[in-house]
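One structure is given here, and the rest of the page talks about it.
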Amino acid sequence: MKAVFHTDAWPGWGAALGERPGSLASVAGKPFLEYWLEWAVALGVDEAHLVLGDGAAEIEAYVGEGARWGLAVRYGFVRPGAPTRAYLRRSPALWADGLLYVRGPVFPQRLERSVGTVLPAEQAWTFRLRDETVCFLSRAPVRIAAFVNDGADEASSAWADLALDPLYLADIQAYYQLNMRLVGGEIERYVPPGYLNREGAYIGYNVQIAPSAELHPPLSIGNECRIHPLTVIGPRVVIGNRVIVDRQTELADCIVQDGGYVGRNLEIKGKIVSGSRLIEPEDGMTLEIEDPWLVTQLGVRRTLGDLGRAVAGWLTALPLVLVQAVPFVVLYAVIRLRRGGGAYRQAARRVRRQRVARLPLWSGAARPSVWERLFHAFSLDLFPLLIEVLRGRLWLCGHKPLHPEWDPARQQQLQAYFPAAIGYHTRRAPDAPEALDLTEALYYERYRSLAEDARILGRTLLGRLMDGLTGETPGGTAQPN
Amino acid sequence: MNVRFEIRQNGGVVILGGALSAANVDTFRDQMHNWLQDNPGVRRVVLDLTAMDFIDSAGLGVLISLLKYVSEREGDIRLAGLQRRARMVFEITRTYKIFEIFDTVDEALTAEA
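As you go down the protein sequences, you meet chains A and B in turn. Taking the working numbering, the leading residue of the first sequence gets 431, the next gets one more, and so forth. Taking the working numbering, the leading residue of the second sequence gets 0, the next gets one more, and so forth.
Encoded structure:
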């Protein structure tokens, strides 16, 4: 059995939510299209075709090859203005053994936890919106052929027999109400979001909730969120992934889309927050907030500031390399001659423009000699990485370069990645928990600036020098692991 | 931003039009201070925001500072005719708890303190 999902036929409310494609809009903590894919899985579909429109790259990046759902996912496009079923008609034989077809925001609303998964032969289920069939399901070849060829026979069996009641989300109000209903309890009928469900509070992974924050279920909080002290969340709140809710803010009856920042001491009730936009669900009225300290989208876009950081980083790395060159050659030669000390190893890492390169990473000795302490105190171990900065492969300050295979999850969590020679990790104790990497990476992504880079640089170079003078053990290597 | 001042029987009315934002809050603050100094008898000030289509946090800040200024002179500031978008900003920032907000200027002028 095959499934065809059209993400290219989304009504205007998808655009009101921001630049993300409507099919990735959060519905009770999960992107809309996950509900399609889960339905397809329940029906035994082995291959799903996503017909893409706006935001194609983002959808493809999210779904990938469908391995997460155990599906083979294929992608396709249709010409604008092509007949509704043009995609199906390209290869009609492909759908002969069963077809689930959905066009636009048709939500597979479940009436019970278990839905019909065995489809009686000869039957077909259709859901029409005005003159158009937006959802079709059948295993009967004749019915499928008729549907693909715009045949007249589109009489539907009762969806209720499958414990389903498809719902077309025509406007933002329908989208909001669906979210509120799901988070209010109906989400139990689906694969629930998050990994923790405590009395109606669905919490994703890597969520930090301050002890003084109050949670009033029902609510859903996505992955990678930060809920700051004295906040009051709920009831009936849907918070997407990677959201920060700042101190003393109250949220109730609202939806916060992925990557949102909700500032301090705010009170948001009965609204949808999408980036820097507030939406009134009743009529879709939107308000663009220009003050980023109220609500904003967390650092998704590269800004002019990034260009400034790139230039400033390169100009700073140049004198550092010139100053370090001679001491590096001398001290490194001494360390190598004495043997048993630290050494460089070539390690594959993701560098700028998502390329993979072999970076020379310093591995310090367990018991560093005086020479090695000096080498570390003057940050000479960073010298080869500073060369990489001059070559344009790394930023001067930024994220710890990620391993191409070990860190794909972390890579996905970062919307902007700045692999760098120097970062928060550079002066960290060797036994610091690895979880800090993600926290620091997200922090840098949000608060990166020239001033922050200067702080990292000063803290690293001066801190290491002070450590060396006071006899502190070198705080780890330039690039642990 | 357009500002018009009127003196009525129960107080003064300041009619604001356009946007009250970081770009013009200083001008507005100066205009208000001058007008209040020229009219020391005005205790009740009603800001008619019917034609105000945008306000940001700097705009809210200046309204709060004016409220403080007028309160110290034993007066008060009331808001009238707040449009939906501006009302949303007042709601999410909790500023609606600081001001008395009325639907019309007449209500704001005549309501008991």
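Yeah, the Cβ is synthetic: ideal placement off N, Cα and C, and Gly gets one too.
- Query: Taking the alpha-carbon positions, what's the V621(A) to G888(A) distance?
  - Reply: Computed Cα separation, rounded: 48 Å.
- Message: Nearest by alpha-carbon distance to D93(B): which of S56(B), F101(B), N33(B) is it?
- Response: It should be pointed out that residue 93(B) corresponds to Arg in this sequence rather than to Asp. Residue nearest to R93(B) within the set S56(B), F101(B), N33(B) is S56(B) (criterion: CA-CA distance).
- Query: So, do the region 558-566 of chain A and the region 578-598 of chain A have three or more beta carbon pairs nearer to each other than 8 Å?
  - Reply: With the cut-off at 8 Å, the region 558-566 of chain A and the region 578-598 of chain A touch.
- Based on Cα-Cα distance, which residue from W440(A), A439(A), G444(A) lies nearest to Q687(A)? Restricting attention to W440(A), A439(A), G444(A), the CA atom closest to the CA of Q687(A) is found in G444(A).
- Query: M715(A) versus chain B: which residues are under 8 Å apart at the beta carbon?
  - Reply: The contacting residues are R83, R84.
- Query: Among R7(B), A110(B), D52(B), L59(B), which residue has its Cα nearest to the Cα of Q82(B)?
  - Reply: Ranked by Cα distance from Q82(B), the first of R7(B), A110(B), D52(B), L59(B) is D52(B).
- How many angstroms separate the CA atom of I602(A) from the CA atom of G442(A)? The straight-line gap from Cα to Cα measures roughly 9 Å.
- Interface residues of chain A around S64(B) at Cβ under 8 Å? Correct list: empty, because the minimum Cβ distance to chain A is about 17 Å.
- Message: Can you check whether the C-beta of I698(A) is within less than 7 Å of a C-beta belonging to chain B?
- Response: Closer than 7 Å to some Cβ of chain B, the Cβ of I698(A) qualifies, so yes.
- Query: From E882(A) to G822(A), what does the alpha carbon distance come to, in whole angstroms?
  - Reply: A straight line joining the alpha-carbon of E882(A) with that of G822(A) spans about 20 Å.
- Query: Relative to chain A, which residues along the region 32-63 of chain B have a C-beta separation below 7 Å, given in chain order?
  - Reply: Within the region 32-63 of chain B, the residues whose Cβ lies closer than 7 Å to some Cβ of chain A are D55, S56, listed in chain order.
- Item | Euclidean distance between Cα positions of R783(A) and E720(A) | Looking at the two C-alpha atoms, the distance is approximately 31 Å.
- Would you list, in chain order, the members of the region 84-112 of chain B that have their beta-carbon closer than 8 Å to a beta-carbon of chain A? Hits within the stretch, in order: R84, M87, V88, E90, I91, T92, R93.
- Excluding the five sequence neighbours on either side, which residues of its own chain have a C-beta within less than 6 Å of the C-beta of V536(A), listed in chain order? Within the same chain, V536(A) has close Cβ partners V564, C565, P596, Y598.
- Query: Since I709(A) contacts A446(A) with CB under 8 Å, what's their CB separation in whole angstroms?
  - Reply: With 8 Å as the limit, I709(A) and A446(A) qualify as a contact, their Cβ atoms being about 6 Å apart.
- Item | Beta-carbon spacing of P571(A), A526(A) below 7 Å | In terms of Cβ geometry, P571(A) and A526(A) form a close pair [threshold 7 Å].
- Query: Can you tell which of A85(B), F27(B), I97(B) has its C-alpha closest to the C-alpha of S70(B)?
  - Reply: Comparing alpha-carbon positions, the option among A85(B), F27(B), I97(B) lying closest to S70(B) turns out to be I97(B).
- Message: Let me check understanding here. Comparing Cα to Cα, which of C655(A), A807(A), G670(A) lies closest to D676(A)?
- Response: When only C-alpha atoms are compared, the closest one is C655(A).
- Task: Please name the residue or residues paired with N627(A) in a DSSP beta bridge.
- Result: N627(A) is bridged to Y632(A).
- Kindly indicate which residue of R573(A), N695(A), N627(A), E616(A) has the alpha-carbon position closest to the one of I657(A). The option with the nearest alpha carbon to I657(A) is N695(A).
- Which residues in the same chain as W469(A) place their Cβ atom closer than 6 Å to its Cβ, once the five residues preceding and following it in sequence are excluded? Spatial neighbours of W469(A) in its own chain (CB-CB distance under 6 Å, excluding positions within 5 residues in sequence) are listed in chain order as P538.
- Query: Going by the beta-carbon positions, is the gap between L844(A) and E870(A) smaller than 7 Å?
  - Reply: Not a contact, by the Cβ cut-off of 7 Å.
- Message: With H, G and I counted as helix, E and B as strand and the rest as coil, what does DSSP make of G431(A)?
- Response: Looking at the sequence itself, residue 431(A) is Met, so the reference to Gly does not match. Coil, per DSSP.
- Taking 7 Å as the cut-off, decide whether the C-beta atoms of G670(A) and G652(A) are in contact. In contact: G670(A) and G652(A) (Cβ atoms closer than 7 Å).
- Query: Any C-beta of chain B sitting closer than 7 Å to the C-beta of L608(A)?
  - Reply: False, the Cβ-Cβ gap to chain B never drops below 7 Å.
- Query: How about V508(A) and A502(A): do their beta carbons lie closer than 7 Å?
  - Reply: The answer is no: Cβ separation not under 7 Å.
- Inter-residue CB distance, P522(A) and V434(A) (contact presumed, cutoff 8 Å): Not quite, the Cβ-Cβ distance comes to about 12 Å (not below 8 Å), so this is no contact.
- Message: So the candidates are R42(B), E90(B), A85(B), Q8(B); which of them puts its Cα closest to the Cα of Y68(B)?
- Response: Comparing Cα-Cα distances from Y68(B) to each of R42(B), E90(B), A85(B), Q8(B), the minimum goes to R42(B).
- Could one say the Cβ of L447(A) lies closer than 7 Å to chain B's Cβ atoms, at least one of them? The beta carbon of L447(A) sits no closer than 7 Å to any beta carbon of chain B.
- For the putative contact between L810(A) and Q754(A), defined by C-beta atoms under 8 Å, what is the C-beta separation to the nearest angstrom? For L810(A) against Q754(A), the beta-carbon gap comes to about 6 Å, under 8 Å, which counts as contact.
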